[in-house]
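In UniProt numbering, the protein residues as written are 1 to 83. From the three backbone atoms N, C-alpha and C, an ideal C-beta is built for every residue, glycine too. Notes to accompany the following structure.
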Amino acid sequence: MSKMIAMNLPIAELAAQDPHIITIMQEIGFTDITRPGMLQTAGRLMTLEKGAALKRISHEQMRQVFAQHGYTLCVPNKGGNEQ
């Protein structure tokens, strides 16, 4: 069973729940998140969705790499249901 990752949660919150997510993000191309202080500053506001748009990383690429590590990306809608 894969672990669910909400793409609209702040990266700092995701990392607090599962630190391995940062290693996967680095593999995808989010190299700045490993710089000292970035997780505590930008990571409090930045989400995977926003970061992907900023870095021009496709959702499909992220989905594939996270899936290789046993994760499933989801985007909860405003009603709390996952898509």
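Length of the line joining the Cα atoms of residue i and residue j
i     : j     : result
THR41 : LEU48 : 15 Å
ASN8  : ASN77 : 9 Å
ARG63 : PRO36 : 26 Å
ILE5  : HIS59 : 13 Å
PHE30 : HIS20 : 13 Å
LEU73 : ALA67 : 8 Å
ILE33 : ILE24 : 11 Å
ARG56 : ALA12 : 20 Å
ILE28 : LEU54 : 13 Å
ALA15 : ILE22 : 6 Å
Beta-carbon separation (whole angstroms), residue i vs residue j, contact threshold 8 Å
i           : j    : result
residue 155 : LYS3 : Residue 155 falls outside the range modelled here, since the chain spans only 1 to 83, and no answer is possible.
Residue i burial status per 10 Å Cβ neighbour count (16 or more: buried)
i     : result
GLN1  : Per the sequence presented here, residue 1 reads as Met, with Gln not at that position. Burial call: exposed.
LEU45 : exposed
GLN61 : exposed
Proximity test, residue i beta-carbon vs the ligand COA heavy atom, cut-off 7 Å
i     : result
GLN40 : In the structure on display, the ligand COA does not appear, and there are no ligands present to speak of.
Report task. Scan the UniProt domain "DUF1858" (7-61) and note each continuous alpha helix (DSSP H) run of 4 residues or more that stays entirely inside, going in chain order. Result -> 11-17, 20-28 and 48-55
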